[in-house]
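Per my numbering, the sequence shown starts with residue 1455, numbered consecutively.
What follows is a short report on a single structure.
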Amino acid sequence: QDKLAKEKHSSTLNFHKLSTQWRAVLRETKDKELRQDIEILSQTFARVMDCKDSVIESLATDLEEAEEQHAQALRSHLHNVDRLLQLQRCRLMCLEEGYGAQLEALKMEFEAERYKGGEG
(Lines of atoms letter the chains of each structure in order from A and count residues from 1; the text may use other names and numbers.)
(Lines give C-alpha, C1' and ligand atoms only; values in the text may rest on other atoms or scores of the structure.)
Protein backbone atom coordinates (compact mmCIF):
# COMPACT_ATOMS: atom_id res chain seq x y z
CA GLN A 1 0.00 0.00 0.00
CA ASP A 2 2.92 2.27 0.72
CA LYS A 3 4.25 1.41 -2.71
CA LEU A 4 0.87 2.26 -4.26
CA ALA A 5 0.79 5.63 -2.48
CA LYS A 6 4.32 6.40 -3.68
CA GLU A 7 3.31 5.39 -7.20
CA LYS A 8 0.25 7.67 -7.06
CA HIS A 9 2.34 10.48 -5.67
CA SER A 10 5.00 9.95 -8.34
CA SER A 11 2.33 9.73 -11.02
CA THR A 12 0.76 12.97 -9.81
CA LEU A 13 4.13 14.74 -9.79
CA ASN A 14 4.97 13.45 -13.28
CA PHE A 15 1.55 14.48 -14.56
CA HIS A 16 2.04 17.93 -13.06
CA LYS A 17 5.54 18.16 -14.56
CA LEU A 18 4.26 17.03 -17.97
CA SER A 19 1.37 19.47 -17.81
CA THR A 20 3.75 22.30 -16.97
CA GLN A 21 6.10 21.38 -19.80
CA TRP A 22 3.20 20.91 -22.22
CA ARG A 23 1.82 24.33 -21.27
CA ALA A 24 5.25 25.85 -21.90
CA VAL A 25 5.38 24.19 -25.33
CA LEU A 26 1.85 25.35 -26.15
CA ARG A 27 2.63 28.84 -24.87
CA GLU A 28 5.77 29.01 -27.00
CA THR A 29 3.89 27.77 -30.07
CA LYS A 30 1.08 30.25 -29.49
CA ASP A 31 3.66 33.00 -28.93
CA LYS A 32 5.26 32.25 -32.32
CA GLU A 33 1.86 32.18 -34.03
CA LEU A 34 0.82 35.47 -32.46
CA ARG A 35 4.13 37.11 -33.38
CA GLN A 36 3.71 35.94 -36.99
CA ASP A 37 0.15 37.27 -36.99
CA ILE A 38 1.38 40.59 -35.63
CA GLU A 39 4.08 40.77 -38.32
CA ILE A 40 1.54 40.01 -41.06
CA LEU A 41 -0.92 42.54 -39.65
CA SER A 42 1.85 45.12 -39.36
CA GLN A 43 2.85 44.61 -43.00
CA THR A 44 -0.78 44.72 -44.11
CA PHE A 45 -1.32 47.90 -42.13
CA ALA A 46 1.79 49.47 -43.68
CA ARG A 47 0.55 48.58 -47.18
CA VAL A 48 -2.91 50.00 -46.45
CA MET A 49 -1.34 53.19 -45.04
CA ASP A 50 0.90 53.54 -48.12
CA CYS A 51 -2.14 53.10 -50.36
CA LYS A 52 -4.14 55.67 -48.39
CA ASP A 53 -1.21 58.10 -48.38
CA SER A 54 -1.00 57.70 -52.15
CA VAL A 55 -4.73 58.40 -52.50
CA ILE A 56 -4.43 61.46 -50.25
CA GLU A 57 -1.49 62.76 -52.31
CA SER A 58 -3.45 62.21 -55.52
CA LEU A 59 -6.51 63.99 -54.10
CA ALA A 60 -4.37 66.88 -52.86
CA THR A 61 -2.87 67.24 -56.35
CA ASP A 62 -6.34 67.10 -57.92
CA LEU A 63 -7.54 69.72 -55.44
CA GLU A 64 -4.64 72.04 -56.26
CA GLU A 65 -5.36 71.67 -59.97
CA ALA A 66 -9.08 72.32 -59.41
CA GLU A 67 -8.31 75.40 -57.32
CA GLU A 68 -5.98 76.69 -60.04
CA GLN A 69 -8.65 76.10 -62.69
CA HIS A 70 -11.20 77.88 -60.50
CA ALA A 71 -8.86 80.83 -60.00
CA GLN A 72 -8.19 81.01 -63.76
CA ALA A 73 -11.92 80.86 -64.54
CA LEU A 74 -12.60 83.58 -61.96
CA ARG A 75 -9.87 85.83 -63.42
CA SER A 76 -11.27 85.30 -66.91
CA HIS A 77 -14.81 86.02 -65.73
CA LEU A 78 -13.76 89.21 -63.94
CA HIS A 79 -11.83 90.32 -67.03
CA ASN A 80 -14.90 89.73 -69.20
CA VAL A 81 -17.13 91.61 -66.75
CA ASP A 82 -14.68 94.54 -66.80
CA ARG A 83 -14.73 94.56 -70.61
CA LEU A 84 -18.54 94.46 -70.64
CA LEU A 85 -18.69 97.33 -68.14
CA GLN A 86 -16.29 99.35 -70.28
CA LEU A 87 -18.36 98.62 -73.40
CA GLN A 88 -21.56 99.60 -71.58
CA ARG A 89 -19.99 102.86 -70.36
CA CYS A 90 -18.96 103.69 -73.95
CA ARG A 91 -22.46 102.93 -75.22
CA LEU A 92 -24.00 105.03 -72.46
CA MET A 93 -21.64 107.92 -73.21
CA CYS A 94 -22.54 107.75 -76.93
CA LEU A 95 -26.25 107.71 -76.07
CA GLU A 96 -25.80 110.67 -73.71
CA GLU A 97 -23.93 112.59 -76.41
CA GLY A 98 -26.66 111.75 -78.94
CA TYR A 99 -29.32 112.82 -76.45
CA GLY A 100 -27.47 116.05 -75.77
CA ALA A 101 -27.13 116.77 -79.49
CA GLN A 102 -30.83 116.05 -80.12
CA LEU A 103 -31.78 118.20 -77.14
CA GLU A 104 -29.69 121.09 -78.46
CA ALA A 105 -31.23 120.67 -81.93
CA LEU A 106 -34.73 120.70 -80.43
CA LYS A 107 -33.90 123.78 -78.35
CA MET A 108 -32.57 125.57 -81.41
CA GLU A 109 -35.62 124.54 -83.44
CA PHE A 110 -37.89 125.65 -80.62
CA GLU A 111 -36.09 129.00 -80.38
CA ALA A 112 -36.26 129.42 -84.15
CA GLU A 113 -40.02 128.68 -84.15
CA ARG A 114 -40.52 131.03 -81.26
CA TYR A 115 -38.53 133.74 -82.99
CA LYS A 116 -40.57 133.27 -86.16
CA GLY A 117 -43.77 133.23 -84.19
CA GLY A 118 -42.81 136.48 -82.48
CA GLU A 119 -42.27 138.30 -85.81
CA GLY A 120 -45.47 137.14 -87.44
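For glycine and all other residues, C-beta sits at the position ideal for the given N, C-alpha and C.
Just so we're clear, the structure is a prediction, and the values are computed from it rather than from any experiment.
Straight-line gap, residue i to residue j (C-alpha atoms, nearest Å)
i, j, result
"Leu1480", "Leu1467", "20 Å"
"His1463", "Phe1499", "52 Å"
"Lys1484", "Ser1496", "18 Å"
"Lys1457", "Glu1482", "37 Å"
"Leu1546", "Gln1540", "10 Å"
"Lys1486", "Ile1492", "10 Å"
"Glu1511", "Arg1477", "50 Å"
"Gln1542", "Leu1549", "10 Å"
"Gln1523", "Gly1552", "43 Å"
"Met1567", "Cys1544", "Going by the sequence as given, residue 1567 is Glu instead of Met. Cα to Cα, the separation comes out at about 34 Å."
"Val1502", "Ile1494", "12 Å"
"Glu1558", "Ser1530", "42 Å"
"Lys1561", "His1533", "42 Å"
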